[in-house]
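Peer 1: Here you go, one structure.
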Amino acid sequence: MDSLTNPILLSRIQFAVTALFHILWPVLTIGLSIFLVILEALHMKTGNEEYRRHARFWTRLFLLNFTVGVVTGIPMEFQFGTNWSVFSAAGGDFFGHILGFEAAMAFMLEATFLGIMIFGRERVSPRMHLFATSMVALGGTLSAFWIMVASSWMHTPTGGYFENGRFVITDHMAAVFNPDMPWGVSHMWVACLETSLFVIGGISAWYLKKGRFTDFFLRSFKMAVIAAIVVTPLQIWLGDGSGRAVYEHQPTKLGAIEAHWQTNPPGEGAPWKILAWPDRAQQKNLWEIDIPCGLSLLLTHSATGRVRGLTDFPKEDQPPVLVPYYAFRVMLAGGGTLLLITIWTLLAWRKGDLTSGRIAGRKRLLTAWMAAIPLSYLAMEAGWVTREVGRQPWMLYGLLRTHDSATSIHAATVGASLLTFSVVYPLLFALFLLFARQIIARGPEEEPPRMPDSRVAPRPNGIHTKTD
Amino acid sequence: MESIQPHLADIWLAIIGFFLLYYAVTDGFDLGVGIISIFSRNDAERGVLMASIENTWHDHQTWLLLLGGMLFGAFPRFYSIVLSSLYIPILVMLFGLIFRGVAFEFRALSHRKLLWGLSFGFGSLLVSLAQGFALGGLFGGLTVQQGKFEGGAWGWLSPYSTLVAAGLISGYVMLGANYLILKTNGDVRKRSRRYSLAASLCTLFVSVCVHAWTTAKYPRMAAKWLASPEGYFMAGFLALTVIAFVMFFRSLRKGPDYGPLVWNALIILFSFVDVSIGMYPDMIPNFASAPMTVHEAAASPGTLTFMLAATVILLPVILAYTAYKNHVFRGKVRESDDGIECKP
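Residue numbers (the working numbering), protein chains in the order written: chain A, 1 to 468; chain B, 1001 to 1344.
So this is what it looks like as structure tokens:
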């Protein structure tokens, strides 16, 4: 029960709970807003009303998701000050204004144009409406960029020096373009696309399976499949690159992710432990199934490349091992399964099963797409757990420890706020599911009734023709 | 660039001040509309109130995020001390923002209109209350030693901060009522004028009390009144505040519907500048030991310059598209503003 009286641990749990919960929403906001831009542009280009109906249907889900994303996002920014004030003062020289930039460039753009996108249809031209939707999408993507810049800087803090408990920035560009940034930004942004496309495809699959609005949802299903062909392999490639960046810059994190304890001697390869049970107390794996030289090959592209083991570092500098090791494997399995589902769907498409007459017969395939919704979220969350638990025991990697970063507040105060979050967030989640179910159960609105058009006059024989 | 170096912290103080003012006025009237909605007679009326801010409360709230982020960047030590010492009011504010924020969308989708209408109203009240206590707690002085907060979790709670919170709530109600005068018609507008009068009298009374109390407990501020030129500036802005109040009461009786809101915003601007001159250069008043000044709280000159360069480009862009949006949604609330994109 010691843990309940430790305010630092409670602050860490609170941050983990609020961050893992918050990130569920922006991923869909970012991906879905891009999908809405595509739909609206297609409608404008082709004049096909189906795209407009699609935009209206997905906008309803978008807005519901956006709402929960925003209200759970605000506590993230303020928690750095309330619970991690030592870190705020130490890293504020860089970290603070990046959050400021995120608000100024991304959130403001998103929030302002959202008003026009949702409420301005009658007040602006279609072209302007498309522009507003594009700005909402751009705002979402920019917010992902800036928050990943901030996060990656905690992993690879560059661009200045650490002195007297403060990081002083001397080169802002070097800090923004820190070594982890390109991989962090791209891996997360593509994760947003991947999760969103499986949400779009999965929801469409539900309708296709039920045989409701088949023609309508076959369109969005196929769009999701086409995107998946590019996105699922791309994400695995980015993950591989991200892993090699970790290998270069964060050796203790890599050691934990791969349960790799001993540095391989020169001339020998480091094995890749596919499955193992790491024991941090004994500094070894109790059992393991490995591929000889696998880790060296993966990371250095050479059979005998040197990979430093965890025992090269003092125990107090090592992260927890069990959690990153298994979280990483969950992410890998999730991403791999999504790729397999994509390949499976392509085979079905080649057989000609992706037509309104035959799609409902592919029940298993459609069920797999529905299951891919939670799976893609799970993979994304597991990725975050791998990333941030692997960073421990550091807040700023190698410079400032997590347990030195927290505000000295009473456990009771943090406990009370943690308890409130633990009640409010599940409530929000339940309400989201309730309303989302309601939106999905109702489905897209029926074909809009044909507007009486003065230019179309009925002829006696019932054939309509334009009068001009 | 050399010449602005010594003034960077002051420039940033002014920019942050602008963010704070913009937030306080715009989200102030949103929150005020929320508090007024608690007293709505029926659901249709509450719907009108919510529709009046529905397309724009979101970007007003974002100014709080902008304020938080830029404060974190430009004055990291201020940010870290103030947020950690005001832990309880800040967290309460965040939960209030959650209830207000989800209310619009959930109300549109739910059959329980009253429940989500009240979530909007009481969420707004909670946010205002928490902001009032946070502001009162800060002005009441924080116990800071060696750059760390050393007071208790409830250090912000005092008779003084309670008075400030009461003043902020009535100020927000006054703003909200003035906004409704501008945006609505008929019965709602008529009642908003009455609300505005009551709230403005209350706000006037409380601000005079807060002003006197602050000057009394804050000798550095009292001394400013006798200093030159600060004393003259403070007297000047106080006079402007009084004139704006007089004009405000006049505009409430007759004149265009935008009058009360405009004068209200000017009252806030003038009194804000007045208090800022009195406080400067202190950022955190501290009656036990030395206060934290603007220059002690600031980030490194390199960071301030970098942020300034970015802000000089970004801020006009933000103001431009905000102005465009206000232009799009000008005039009274329309039927079609009720979210046609999301409601079939």
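C-beta atoms are modelled at their ideal positions from N, C-alpha and C, and glycine is treated no differently.
Note the first and the last residue of the continuous alpha helix (DSSP H) segment covering valine 1333(B).
Peer 2: Unbroken run through valine 1333(B): none, as it is neither H nor E.
Peer 1: I'd like to check one pair, isoleucine 257(A) with glycine 390(A): are the Cβ atoms closer than 7 Å?
Peer 2: Yes, Cβ-Cβ distance for glycine 390(A) and isoleucine 257(A) is below 7 Å.
Peer 1: By alpha-carbon positions, which one of Phe1272(B), Gly1096(B), Leu1304(B), Thr1293(B) ends up nearest to valine 1144(B)?
Peer 2: Out of Phe1272(B), Gly1096(B), Leu1304(B), Thr1293(B), Thr1293(B) has the C-alpha closest to the C-alpha of valine 1144(B).
Peer 1: Nearest CA to the CA of glycine 1069(B): which residue from Ile1243(B), Trp1012(B), Gly1096(B), Arg1046(B)?
Peer 2: Checking every option, the nearest Cα to that of glycine 1069(B) belongs to Trp1012(B).
Peer 1: Determine which residues share a DSSP beta bridge with isoleucine 169(A) and list them.
Peer 2: DSSP lists Gly160(A) as partners of isoleucine 169(A).
Peer 1: What ranges does the beta strand (DSSP E) occupy inside the stretch 336 to 403 of chain A, keeping only unbroken runs of at least 3 residues that lie completely in it?
Peer 2: List check, beta strand (DSSP E) in window: 394 to 396.
Peer 1: Ends of the beta strand (DSSP E) at alanine 276(A)?
Peer 2: Unbroken beta strand (DSSP E) run through alanine 276(A): 272 to 279.
Peer 1: Return the chain-ordered list of same chain residues with a C-beta closer than 7 Å to the C-beta of lysine 363(A), the five sequence neighbours on each side being excluded.
Peer 2: Result list for lysine 363(A): Lys209, in chain order.
Peer 1: Nearest to serine 1128(B) by alpha carbon, out of Trp1116(B), Ile1284(B), Leu1031(B)?
Peer 2: Measuring from the Cα of serine 1128(B), the nearest candidate turns out to be Leu1031(B).
Peer 1: Between valine 86(A) and the ligand GDP, is the CB less than 6 Å from at least one heavy atom?
Peer 2: Ligands displayed in this structure: none; no statement on the ligand GDP is therefore possible.
Peer 1: Using a threshold of 7 Å, state whether the C-beta atoms of leucine 109(A) and methionine 135(A) are closer than that.
Peer 2: Closer than 7 Å, so yes.
Peer 1: Whose C-alpha, out of Ala1299(B), Val1173(B), Ala1177(B), Gly1028(B), is nearest the C-alpha of arginine 1077(B)?
Peer 2: Taking only the C-alpha atoms, the option nearest arginine 1077(B) is Ala1299(B).
Peer 1: Kindly identify the DSSP beta-bridge partner or partners of threonine 1293(B).
Peer 2: Looking at the DSSP assignment, threonine 1293(B) forms a beta bridge with Asp1282(B).
Peer 1: Taking just the CA atoms, how far does glycine 305(A) sit from arginine 244(A)?
Peer 2: About 12 Å.
Peer 1: If you measure between the beta carbons of threonine 386(A) and alanine 327(A), is that distance less than 7 Å?
Peer 2: Yes; because the gap between Cβ atoms is below 7 Å, this pair is in contact.
Peer 1: Just by C-beta distance, which residues in the stretch 109 to 121 of chain A are closer than 9 Å to chain B?
Peer 2: Within the stretch 109 to 121 of chain A, the qualifying residues are Leu109, Glu110, Ala111, Thr112, Phe113, Leu114, Gly115, Ile116, Met117, Ile118, Phe119, Gly120, Arg121.
Peer 1: By alpha-carbon positions, which one of Tyr1218(B), Lys1224(B), Ser1196(B) ends up nearest to alanine 1177(B)?
Peer 2: Of the listed residues, the one whose Cα sits closest to alanine 1177(B) is Ser1196(B).
Peer 1: Taking 7 Å as the threshold (C-beta atoms), are valine 1173(B) and alanine 1199(B) in contact?
Peer 2: Yes, they are a contact pair.
Peer 1: In chain order, what residues of the same chain lie with their CB nearer than 6 Å to the CB of asparagine 178(A), ignoring the 5 residues before and after it?
Peer 2: Answer for asparagine 178(A): Ser152, Trp153, Thr156, Thr158, listed in chain order.
Peer 1: Return no unless some Cβ of chain A is closer than 7 Å to the Cβ of proline 1316(B).
Peer 2: Answer no: the Cβ-Cβ gap between proline 1316(B) and chain A never drops below 7 Å.
Peer 1: Does DSSP put glycine 462(A) in a helix, in a strand, or in coil?
Peer 2: Because the pLDDT of glycine 462(A) is 35, which lies under 50, any placement of that residue in the model is unreliable, and the question is left without a value.
Peer 1: What separation, rounded to the nearest whole angstrom, lies between the Cα atoms of alanine 1166(B) and phenylalanine 1029(B)?
Peer 2: Each residue's Cα considered, the two are about 16 Å apart.
Peer 1: Alpha carbon to alpha carbon, how far is tryptophan 1063(B) from lysine 45(A)? Give it in angstroms, no decimals.
Peer 2: Looking at the two C-alpha atoms, the distance is approximately 36 Å.
Peer 1: Just to confirm the assignment, what range does the alpha helix (DSSP H) spanning tryptophan 84(A) have?
Peer 2: Premise fails: tryptophan 84(A) is in no alpha helix (DSSP H) and is neither H nor E.
Peer 1: Name the two residues that bound the continuous beta strand (DSSP E) containing tryptophan 261(A).
Peer 2: Segment: none, tryptophan 261(A) is in no beta strand (DSSP E) and carries neither H nor E.
Peer 1: When DSSP builds the beta bridges, which residues end up paired with lysine 284(A)?
Peer 2: Asp279(A).
Peer 1: What did DSSP end up calling alanine 1009(B) once you bin it into helix, strand or coil?
Peer 2: Residue state, collapsed to three classes: helix.
Peer 1: For lysine 1325(B) and chain A, any beta-carbon pair shorter than 7 Å?
Peer 2: So, interface residue.
Peer 1: Work out the CA separation of proline 7(A) and valine 414(A) for me, nearest whole Å.
Peer 2: Roughly 6 Å between the two C-alpha positions.
Peer 1: So, proline 319(A) versus glutamine 392(A), is the Cβ gap smaller than 7 Å?
Peer 2: Contact: yes.
Peer 1: Using the C-alpha atoms, what's the distance from threonine 133(A) back to glutamate 36(A)?
Peer 2: In the sequence as presented, glutamate is not what sits at residue 36(A); that position holds leucine. Taking the straight line from one Cα to the other gives about 7 Å.
Peer 1: Can you tell me where the alpha helix (DSSP H) with leucine 297(A) in it begins and where it stops?
Peer 2: Looking at the DSSP string, the run of the alpha helix (DSSP H) that includes leucine 297(A) is 294 to 300.
Peer 1: Would you say glutamate 77(A) lies against chain B (beta-carbon separation less than 7 Å)?
Peer 2: Chain B contact via Cβ: present.
Peer 1: Expressed to the nearest angstrom, what Euclidean distance is found between the alpha-carbon atoms of alanine 150(A) and valine 185(A)?
Peer 2: Spanning the two alpha carbons is a distance of roughly 10 Å.
Peer 1: Using three-state DSSP, classify valine 1328(B) as helix, strand or coil.
Peer 2: If DSSP states are grouped into helix, strand and coil, valine 1328(B) belongs with the helices.
Peer 1: Return helix, strand or coil for phenylalanine 1149(B), following the three-state DSSP convention.
Peer 2: Phenylalanine 1149(B): strand per DSSP, three-state reduction.
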